[in-house]
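In full-length UniProt numbering, the protein residues as written are 1 to 276.
From the three backbone atoms N, C-alpha and C, an ideal C-beta is built for every residue, glycine too.
Since the model is a prediction, treat every value here as computed from it, not as a measurement.
The structure under discussion appears below in the form of structure tokens.
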Amino acid sequence: MEALWLTIKFLLLGLFQGLTEPIPISSSGHLLIAQYFLGVEIEGSTSTFALLVNTASLLAVLIIYRDDIKRLVINGLKFFKEKTPETRRDFMFVVYLVVATIPAAIIGLLFQDIIDMHLSTVVTVGVTLVITGIALWLIRNMRGQRKDGNMTMKDAIIIGLAQSVALIPGISRSGATIVAAMTRGINQETALRFSFLLFIPISLGGAVLSFSDILRDDNLATMAVPYIMAFIGSLVASYFSLKWFMNVMAKGQLKYFAIYCFIVGPLVVLAWFLLN
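Set out below in structure tokens:
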């Protein structure tokens, strides 16, 4: 019975992570909230769990954006031989993705342990959810006109810096990057695509850095079934959540996520104080 409950627990957490990963409400923050208030602890397997669910979300992104990725790779390579407006646009888009990855990669390597030690708390998440909500509210009515071919190096750097801020639990990675892009006048479709294609290198980098920790996980064999269920749950939830979020973005309804953050953030802080 205990093994069954453990498997269900990991499945639920995988579903929860997958549901919240694509939408701008911070999956890492919500996982902290869930583990705290539900009394769920993933002792000795945090790195493995995080790697699996993030890889599942990454796979969902790769599936949904497979045509864009294929086009960017083909045209990016073609640019070295055929310097047409189309190949140049896609080549520069790839360059901007690389540049935007650098700030979070550097800050993560230097300060991730400090962030995990001092900021991975329920109170921090409650406060930063409100900050996320404010940012989403401020850009709720923005309708930029700039597309892929109109992006600049400055855009990439600003979006990359925004992504690095999202290393703090409760600051949504997708929210931060989309907000940064839209404040630069980039339209919703391009902002969304750039945000999730930017998730690919940062997720792959995290997987590489965590791989050695996974190999040292003493529970790897005994936890195989819960891990697999967490992966499946995250993959399915991430896929449908991202498809839904793409529809929300097309309709310009980011304000509802802002309202959600305004409600949940203070409630989390209040609940923590009442329970402590």
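Rounded Cβ spacing between Leu136 and Gly175 (contact assumed at less than 8 Å): 6 Å
Close Cβ partners of Val122 (< 7 Å) along its chain, the five nearest in sequence each way excluded: Leu32, Ile33, Tyr36, Val268 and Trp272
If we count the other Cβ atoms within 10 Å of its Cβ and call it buried at 16 or more, is Gln163 buried or exposed? buried
May I ask you to list the residues that DSSP assigns as paired with Arg146? Ile186
Span separating the alpha-carbon of Ala207 from that of Phe262: 32 Å
Inspect the beta-carbon positions of Leu198 and Leu52 and report whether they are closer than 8 Å. no
Quick one: Cα of Ala166 to Cα of Ile102, how far? 14 Å
Glu21 - DSSP class collapsed to helix/strand/coil: coil
If we count the other Cβ atoms within 10 Å of its Cβ and call it buried at 16 or more, is Leu242 buried or exposed? buried
Any idea if Ser45 is buried or exposed, counting beta-carbon neighbours within 10 angstroms, 16 or more meaning buried? Caution is warranted here: a pLDDT of 45 is assigned to Ser45, below 50, making its placement in the model unreliable, and the coordinate value is therefore given only provisionally. It counts as buried.
Looking at the structure shown, is Ile171 part of a helix, part of a strand, or coil, going by DSSP? coil
Taking Cβ to Cβ, would you say residue 343 is nearer than 8 Å to Gly170? Because the chain spans 1 through 276 in this model, residue 343 falls outside it and cannot be assessed.
Inter-residue CB distance, Ala100 and Ala156 (contact presumed, cutoff 8 Å): 4 Å
Top-ranked residue by Cα proximity to Thr177, from Glu189, Gly160 and Asn187: Gly160
Report, in whole angstroms, the separation of the C-beta atoms of Val18 and Leu129, which I expect to be a contact under 8 Å. The identity of residue 18 in the sequence shown is Gly, whereas the question assumes Val. Rounded, the Cβ-Cβ distance is 19 Å, inconsistent with contact.
Tell me, please, whether the region 246-257 touches the region 182-189 by the rule of three or more beta-carbon pairs shorter than 8 Å. yes
Continuous alpha helix (DSSP H) stretch holding Asn75: start and end: Arg66 to Lys78
If you reduce the DSSP assignment to three classes, tell me which class Ser195 lands in. helix
Is it the case that the Cβ atoms of Arg88 and Phe79 are separated by a distance below 8 Å? yes
Rounded to a whole number of angstroms, what is the C-alpha to C-alpha distance between Leu6 and Pro201? 31 Å
Helix, strand or coil at Glu82 [DSSP, three-state]: coil
My output table needs one value for Ile33: the three-state DSSP class, helix, strand or coil. helix
For Phe211, count neighbouring C-beta atoms within 10 Å of its own C-beta (all shown protein chains included) and say buried if the count is 16 or more, exposed if not. exposed
Please check the pair Ile23 and Phe196, which I expect to be a contact at CB under 8 Å, by giving their CB distance rounded to whole angstroms. Going by Cβ atoms, the distance from Ile23 to Phe196 rounds to 11 Å, so no, they are not a contact pair.
When we look at the beta-carbon of Met153 and count the other beta-carbons within 10 Å, is it buried (16 or more) or exposed? exposed
Simplified DSSP state of Thr152, which is helix, strand or coil: coil
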